[in-house]
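Q: Each number in the working numbering corresponds to the 1-based position in the sequence shown with 1 added.
Virtual Cβ for every residue (Gly too), placed ideally from N, Cα, C.
It should be emphasised that the depicted structure is a prediction, and the values quoted were computed from it without experimental measurement.
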Amino acid sequence: MLKCAGDLEYDSFKFMDIETLGLSNVPIILIGIAEMDKKGKSITSTQYLLRRKVEEAAVLEGYLSHIEEDSTLITYNGASFDVPFIRNRCNYYQLNNESQPFHYDLIYYARNLWKDKLPNCKLTTIEKHIFDINRVDDVPGSHIPEFYDAYLKEDNIGPLVPIIEHNRFDIVSLAKFLNRMCEKF
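1. H167: buried (16+ other C-beta within 10 angstroms of its C-beta) or exposed?
2. Using the rule of at least 16 other Cβ atoms within 10 Å of the residue's Cβ for burial, across every protein chain shown, is A35 buried or exposed?
3. Mind reading off the beta-carbon distance from P28 to E69? Whole number of angstroms is fine, and I expect it under 8 Å.
4. Okay, do the stretch 84-103 and the stretch 140-150 touch, 3+ Cβ pairs below 8 Å being the bar?
5. Do A176 and M37 come within 8 Å of each other at the CB atom, strictly closer than that value?
6. Can you give me the Cβ contacts of G79 inside the same chain, cut-off strictly under 6 Å, excluding the 5 residues immediately before and after it?
7. Here's a check: name, in chain order, each residue in its chain whose Cβ is nearer than 8 Å to the Cβ of K40, leaving out the five neighbours to either side.
8. Taking the beta strand (DSSP E) that A35 belongs to, which residues open and close that run?
9. State the beta-bridge partners of F178 as determined by DSSP.
10. Using the Cα positions of R90 and L65, report the straight-line distance between them to the nearest angstrom.
11. How many angstroms separate the CA atom of S174 from the CA atom of G159?
12. Given this structure, state the Cα-to-Cα distance separating L50 from G142, to the nearest angstrom.
13. When burial is assigned at 16 or more other CB atoms within 10 Å of the CB, is K15 buried or exposed?
14. Going by Cα to Cα distance, which pick from L179, Y109, K154 and N92 is closest to E62?
15. Tell me, please, which residues DSSP counts as bridged to E155.
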């Protein structure tokens, strides 16, 4: 299946990841999308940030407007987490979320390739052991809710910066990850 991605237009790829306040029935605080140019040589990222909890519907609408009919969604564990989470939050706000772009969830390919070779198949583990990508000063995903709460309480953007950087690294890393997987295999 991954080799088939080579036949698609690079600029149809939407590398997506979300950051949330928990694992279910809580707001999405950030939706990130990375896109390649037509030649696959440069990457642009767009992030929809929840400045205040009352803006979640606008964040979701921004994301939905970014996904086109011919988009190819690429995630890491997105089939189990990100996509259903977005669908659930859209239902909560009664937003129309009928677009169902073709979807590659890279976690399934990673597990197939490396489950017996690595301690786990977390994105950061694969980045480090397979692709020699080391994150420096990255906030763990489990700490994102407390960073966001600190931002709200302190009314200071300082705690938001690591969340935004973490998400941007995730989505750009997915693009690199797909590219290297296609080159390697």
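A: Result, derived from the coordinates:
1. Here the question's residue 167 lines up with position 166 in the sequence shown. Buried, because 16 or more other Cβ atoms sit within 10 Å of the Cβ of H167.
2. Counting from 1 along the sequence shown, the entry for residue 35 is found at position 34. With 16 or more other Cβ atoms within 10 Å, it is buried.
3. For the purposes of this step, residue 28 is taken as the residue at position 27 of the sequence shown. For the purposes of this step, residue 69 is taken as the residue at position 68 of the sequence shown. About 25 Å separates the two Cβ atoms, so there is no contact after all.
4. no
5. If you number the sequence shown from 1, residue 37 lands on position 36. If you number the sequence shown from 1, residue 176 lands on position 175. Yes, the pair counts as a contact, with Cβ atoms nearer than the cut-off.
6. Along the sequence shown, read from residue 1 onward, the residue named residue 79 stands at position 78. These residues qualify, in order along the chain: D106.
7. For this step, residue 40 is matched to residue 39 along the sequence shown. Excluding positions up to five away in sequence, the list reads Y11.
8. Here residue 35 refers to the residue found at position 34 when the sequence shown is read from its first residue. Segment I29 to M37, the beta strand (DSSP E) holding A35.
9. To locate residue 178, count along the sequence shown from 1; it is residue 177. In the DSSP output, where bridge partners are listed per residue, F178 has none listed.
10. Numbered from 1 along the sequence shown, position 89 holds the residue referred to as residue 90. Numbered from 1 along the sequence shown, position 64 holds the residue referred to as residue 65. C-alpha separation (whole angstroms): 12 Å.
11. Working through the sequence shown from its first residue, we reach residue 174 at position 173. Working through the sequence shown from its first residue, we reach residue 159 at position 158. For S174 and G159, the distance between alpha carbons rounds to 23 Å.
12. Here residue 50 corresponds to residue number 49 of the sequence shown, with the count starting at 1. Here residue 142 corresponds to residue number 141 of the sequence shown, with the count starting at 1. Cα-Cα distance, rounded: 16 Å.
13. Translated into the one-based positions of the sequence shown, residue 15 becomes position 14. Classification of K15: buried, given that the 10 Å Cβ count is 16 or more.
14. Sequence index remark: in the sequence shown, residue 62 carries index 61 (1-based). For E62, the nearest C-alpha among the options comes from N92.
15. As a first step, residue 155 is located in the sequence shown; it is residue number 154 there, counting from the start. For E155, which the question treats as bridged, DSSP gives no partner whatsoever.
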